[in-house]
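Student:
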Amino acid sequence: MSANALLRMVAEGRLDLAFVHEVEGSPLRVPAGLCLRVLVEREPQFVTLAPDHPAAARREVRLADLAGDRWMVDSTVDGEWDALCRVLRRAGIEPDLLHGDYLTAYSLAAIGEVVTVSQPTARPRPDLAIRPLEGDPIGVRLLLAARTAAELDESCPELEEAYWEAARQSPAYQEWLRRGTAVAGRSPAHRGPGDDQRVLAPGR
93 MSANALLRMV AEGRLDLAFV HEVEGSPLRV PAGLCLRVLV EREPQFVTLA
143 PDHPAAARRE VRLADLAGDR WMVDSTVDGE WDALCRVLRR AGIEPDLLHG
193 DYLTAYSLAA IGEVVTVSQP TARPRPDLAI RPLEGDPIGV RLLLAARTAA
243 ELDESCPELE EAYWEAARQS PAYQEWLRRG TAVAGRSPAH RGPGDDQRVL
293 APGR
């Protein structure tokens, strides 16, 4: 579901909390009075492709390696379509994009029909290769939204613990973090198992 729609539902009292991501270059429309907490300031977005794709042999995939591929993007994910278009055109690639939900995208990626953007916490599958993109050109900010700061204080620690537990189960993300690619302005906090897990920054 659209992150903007989820934020509206929280503001209207139809949801207590929403965990959403904000794509770089496409700010979310945050209703007045809503409280936000930043869970991860910048999470890199990876690419998912077939294991026998030539680019899957690389530790980091260059956009140029995917110049001839079709991408499938879920158009309900606010900002992702626009972000991918910007990134590909900046690399000199005219995007060949298809609309589709991510379950469909993963199924088609597994048989080599498309490549798709994925979160680094995506669970590994034997029929898919999940790789970082060279230079981390696509990033998102992970946010928790509620009507009161007290609700955020109650829920955020558990959510943050769950997020980093998911990160520990993703070999590709763990390798990315270990390599130290988390340099200023390009990454979420460079943290791993056992590191301090405080909220990274105050909400807006």
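Per the working numbering, the sequence shown starts with residue 93, numbered consecutively. Heads up, the beta-carbon is just placed ideally off N, CA and C, and yes, glycines get one too. Bear in mind the structure is a predicted one, so any value in this text is a computation, not a measurement.
Taking the CB atoms as reference points, tell me whether residue 230 and residue 179 lie closer together than 7 Å.
Tutor: Numbered from 1 along the sequence shown, position 138 holds the residue referred to as residue 230. Numbered from 1 along the sequence shown, position 87 holds the residue referred to as residue 179. In this structure, residue 179 lies closer than 7 Å to residue 230 by Cβ.
Student: Between which two residues does the alpha helix (DSSP H) carrying residue 97 extend?
Tutor: To locate residue 97, count along the sequence shown from 1; it is residue 5. First-last of the alpha helix (DSSP H) with residue 97: 95–103.
Student: Would you tell me roughly how many angstroms separate the C-alpha atoms of residue 94 and residue 128, rounded to the nearest one?
Tutor: In the sequence shown, residue 94 corresponds to position 2, counting from 1. In the sequence shown, residue 128 corresponds to position 36, counting from 1. Approximately 17 Å between the Cα atoms of the pair.
Student: Exposed or buried, residue 240, counting other C-beta atoms within 10 Å across all chains shown (16 or more means buried)?
Tutor: Indexing the sequence shown from 1 puts residue 240 at position 148. Result: exposed.
Student: To the nearest angstrom, how far is it from the Cα of residue 174 to the Cα of residue 118?
Tutor: The residue given as residue 174 occupies position 82 in the sequence shown. The residue given as residue 118 occupies position 26 in the sequence shown. Roughly 8 Å separates the two Cα atoms.
Student: What is the rounded straight-line gap between the Cα of residue 123 and the Cα of residue 96?
Tutor: One-based indexing of the sequence shown puts residue 123 at position 31. One-based indexing of the sequence shown puts residue 96 at position 4. Distance between the alpha carbons of residue 123 and residue 96: 9 Å.
Student: Residue 165: which of 256, 200, 244 and 105 sits nearest, CA to CA?
Tutor: Against the sequence shown, residue 165 aligns to sequence position 73. For the residues 256, 200, 244 and 105, the minimum Cα distance to residue 165 belongs to 200.
Student: Pull the bridge partners of residue 203 from the DSSP assignment, please.
Tutor: One-based indexing of the sequence shown puts residue 203 at position 111. Answer is none; residue 203 lacks a bridge partner.
Student: Is the region 231–238 in contact with the region 132–143, if contact means three or more CB pairs nearer than 8 Å?
Tutor: Counting Cβ pairs under 8 Å, three or more are found: they touch.
Student: Pairs of beta-carbons, one from the region 207–219 and one from the region 100–110, closer than 8 Å: are there three or more?
Tutor: The answer is no - the region 100–110 does not touch the region 207–219, with fewer than three Cβ pairs under 8 Å.
Student: Would you identify the three-state DSSP class for residue 159, choosing helix, strand or coil?
Tutor: To locate residue 159, count along the sequence shown from 1; it is residue 67. Coil.
Student: Excluding sequence positions up to five away, which residues of its chain have a Cβ less than 7 Å from the Cβ of residue 244?
Tutor: Numbered from its first residue, the sequence shown carries residue 244 at position 152. The residues are 127, 129, 236 and 238.
Student: Cβ of residue 140 within 7 Å of Cβ of residue 220?
Tutor: Within the sequence shown, the letter at position 48 stands for residue 140. Within the sequence shown, the letter at position 128 stands for residue 220. In contact: residue 140 and residue 220 (Cβ atoms closer than 7 Å).
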